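Numbering (the working numbering), first residue to last: 6 to 168.
Virtual Cβ for every residue (Gly too), placed ideally from N, Cα, C.
These figures come from a predicted structure and were not determined experimentally.
Note sheet for the following structure.
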């Protein structure tokens, strides 16, 4: 799932790497050269970080800063601190749906890509549900509209079924 999320993130960022290229960039790199996986490989590392880090540690300032670096987004320590505070407030006060939509709104408010909002929402969901680790559920949808299967509205499906 992390690989699918990374491929969607790379596509959203305008990169050409597919799942195979992302996997190869990370797995064929020597452990000592992990900093040379390239920008798209770093995107895969961000999603693997989501799945491999205990859920309670995902929304710390250090983890958020590292993910921003991996996703190629600007990193300002003050913004990371403010973002971490906003996420703590978000996770404490409202229902699950509000929390998830709030994750996307928070990412957008700070000028970050939708993929980062998906990452935050997945992390918040894991914490809310008490999971030991997060699962990149929303990450594969980071590039909305990039699905191979077109999305149709219910009326359009009914019209097609009635033909």
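Can you grab the Cα-Cα spacing for the pair residue 136 / residue 60, in whole Å? Taking the first residue of the chain shown as 1, we reach residue 136 at position 131. Taking the first residue of the chain shown as 1, we reach residue 60 at position 55. Rounded to the nearest angstrom, the gap between the Cα atoms of residue 136 and residue 60 is 7 Å.
Would you check if the distance between the CB atom of residue 88 and the CB atom of residue 141 is smaller than 8 Å? Indexing the chain shown from 1 puts residue 88 at position 83. Indexing the chain shown from 1 puts residue 141 at position 136. Against a cut-off of 8 Å, the Cβ pair of residue 141 and residue 88 comes out as no contact.
I'd like to check one pair, residue 116 with residue 14: are the Cβ atoms closer than 8 Å? Counting from 1 along the chain shown, the entry for residue 14 is found at position 9. Counting from 1 along the chain shown, the entry for residue 116 is found at position 111. No, Cβ-Cβ distance for residue 14 and residue 116 is not below 8 Å.
Of the residues 30, 47 and 51, the one placed nearest residue 123, counting alpha carbons only: Position 118 of the chain shown, counted from the first residue, corresponds to residue 123. Minimum Cα distance to residue 123 is reached at 51.
C-alpha gap between residue 12 and residue 31, whole angstroms: In the chain shown, residue 12 corresponds to position 7, counting from 1. In the chain shown, residue 31 corresponds to position 26, counting from 1. Cα atoms of residue 12 and residue 31: separation of roughly 13 Å, rounded to the nearest angstrom.
Using only the alpha-carbon positions, how far apart do residue 146 and residue 129 sit? Walking along the chain shown from the start, residue 146 turns up at place 141. Walking along the chain shown from the start, residue 129 turns up at place 124. Approximately 16 Å, taken between the alpha carbons.
For the alpha helix (DSSP H) holding residue 23, just list the boundary residues, first then last. For this step, residue 23 is matched to residue 18 along the chain shown. Counting along the chain, residue 23 falls outside any alpha helix (DSSP H), and DSSP gives it neither H nor E.
Contiguous beta strand (DSSP E) assignments of at least 3 residues, all confined to the stretch 15-95: For the beta strand (DSSP E) assignment, the stretch 15-95 encloses no uninterrupted run of at least 3 residues.
When 114, 93, 109 and 118 are compared against residue 132, the one with the closest alpha-carbon: If you number the chain shown from 1, residue 132 lands on position 127. Minimum Cα distance to residue 132 is reached at 93.
Which residue from 63, 64 and 21 puts its Cα closest to that of residue 43? Taking the chain shown and counting its residues from 1, the one referred to as residue 43 is at position 38. Checked all of 63, 64 and 21; the closest Cα to residue 43 is 21.
Hey, residue 108 and residue 125: beta-carbon distance below 8 Å or not? If you number the chain shown from 1, residue 108 lands on position 103. If you number the chain shown from 1, residue 125 lands on position 120. The criterion of a C-beta distance shorter than 8 Å is satisfied by residue 108 and residue 125.
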